[in-house]
Amino acid sequence: MSERGLESLGMFIGKAVTVSHLEGQVSISTDDGWSLHIYNRVVFSGLHSADASPFSLRLEVTASALDGSGMTLTFDDGSALHVDLSDDGYAGPEAMQLNSPDGGIIAWN
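Numbering follows the working numbering, with no gaps: position 23 of the sequence shown is 23.
This is the structure in structure tokens:
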């Protein structure tokens with residue numbers, strides 16, 4: 001993911017989001033219609049585990065970061081979601097898909 005791709009996730013910072021894990025997919029959605037669907041391998045650190053049973057949490061995104069291994073979103077409860085964007089983390093059909101309220105789509109693969 002490029003720095004430009006990370007910028008498109010900036011609309012999540014400071015917003016309350018619903019983070020859901022169901023059937024191997026993590027989704028993050030806002031009340032104003034943005035949604036991020038994550039298909040790659042994720043590690044959810046802190047109070048919750050993305051490897052556990054399905055869950056849905058209401059959290060606030062406080063930061064996003066890009067490093068050599070992937071993208072990380074940090075939440076107000078101290079937890080963080082790290083998305084493995086390496087070739088080994090790929091699960092398809094794409095790494096992530098961002099849907100905007102106006103129907104626009106950005107896909108990372």
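Heads up, the beta-carbon is just placed ideally off N, CA and C, and yes, glycines get one too.
All of these numbers come straight from a predicted model, not from anything done at the bench.
query: Spell out the partners DSSP gives residue 99 in its beta bridges.; result: 35, 105
query: Please list, in chain order, all residues of the same chain as residue 106 whose beta carbon is under 6 angstroms from its beta carbon, the five residues on each side excluded.; result: 8, 98
query: Going by beta-carbon coordinates alone, are residue 70 and residue 89 separated by less than 8 angstroms?; result: yes
query: Using 8 angstroms for Cβ pairs, my map puts residue 42 next to residue 19. What's the rounded Cβ distance?; result: Incorrect: roughly 10 angstroms between the Cβ atoms, too far for contact.
query: Using DSSP's beta-bridge definition, name the partner residues of residue 60.; result: 16
query: Closest by CA to residue 15, which one among 21, 73, 92, 46?; result: 73
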